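Beneath this line is the structure, given in structure tokens, with notes to follow.
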Amino acid sequence: MGLFGKKKRPEDSIKLPELPKLEFPSYEPQIRQLNERPDIRGIKDIVRETKEQTSEIPVRKMIPQQGMERSVPVRHFDMRDEKPLFVKLDKYKQAVNDIEHIKNRLREADHLLDEIDRIRIEENRELEEWRSEMNRLKEKLLDIDKKLFEV
Numbered sequence: 031m032g033l034f035g036k037k038k039r040p041e042d043s044i045k046l047p048e049l050p051k052l053e054f055p056s057y058e059p060q061i062r063q064l065n066e067r068p069d070i071r072g073i074k075d076i077v078r079e080t081k082e083q084t085s086e087i088p089v090r091k092m093i094p095q096q097g098m099e100r101s102v103p104v105r106h107f108d109m110r111d112e113k114p115l116f117v118k119l120d121k122y123k124q125a126v127n128d129i130e131h132i133k134n135r136l137r138e139a140d141h142l143l144d145e146i147d148r149i150r151i152e153e154n155r156e157l158e159e160w161r162s163e164m165n166r167l168k169e170k171l172l173d174i175d176k177k178l179f180e181v
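Just so we're aligned, residue 31 is where the sequence shown starts under the numbering used here, counting upward by one.
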């Protein structure tokens, strides 16, 4: 029965109280003129204030975390008993021979690089001679060509 009942009339007797008028600041955009420069002294004061504020902040102390530690096995060598180091004579001789062989190979490589540099310099000199000879021949041909067609 509640679905199709009479409509209730709005009650005119309840009046809401009027809200007090509040004053809010106006937020009009303030545009600085292009030729106006900011006050540098004001900026310096702000920077000093922020430095003073940051210097008052206490520094947090680092607290070591539990459970993050790993145990690393450390080997301790007892150096009290100094013993002479023995190397087999044949291994020593082989190492000396290998070092001499490497030195000889390095000398050969150095000699070959010097030889390559010498050859390269010689090639460049000969190429320059050929270029100059070709330029001289071109000039002669142009001179002959001018003389033939002057008629």
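From the three backbone atoms N, C-alpha and C, an ideal C-beta is built for every residue, glycine too.
Note that the structure is a prediction, hence the values are computed from the model and not measured.
DSSP on residue i, reduced to helix/strand/coil?
{"i": "E180", "result": "coil"}
{"i": "I44", "result": "coil"}
{"i": "S162", "result": "helix"}
{"i": "V77", "result": "helix"}
{"i": "E53", "result": "coil"}
{"i": "K168", "result": "helix"}
{"i": "R155", "result": "helix"}
{"i": "R150", "result": "helix"}
{"i": "R105", "result": "coil"}
Beta carbon of residue i: closer than 6 Å to some heavy atom of the ligand SAH?
{"i": "L49", "result": "In terms of ligand content, the structure shown is empty, and the ligand SAH therefore cannot be addressed."}
Return the chain-ordered list of same chain residues with a C-beta closer than 6 Å to the C-beta of residue i, the five sequence neighbours on each side being excluded.
{"i": "H141", "result": "none"}
{"i": "K118", "result": "none"}
Might you give, ordered along the chain, the residues of its own chain that have their beta carbon closer than 7 Å to the beta carbon of residue i, omitting 5 neighbours on each side?
{"i": "I70", "result": "none"}
Discussion item. For a minimum of 3 consecutive residues, which ranges assigned as the beta strand (DSSP E) are wholly contained in the stretch 107 to 148?
Written reply: none
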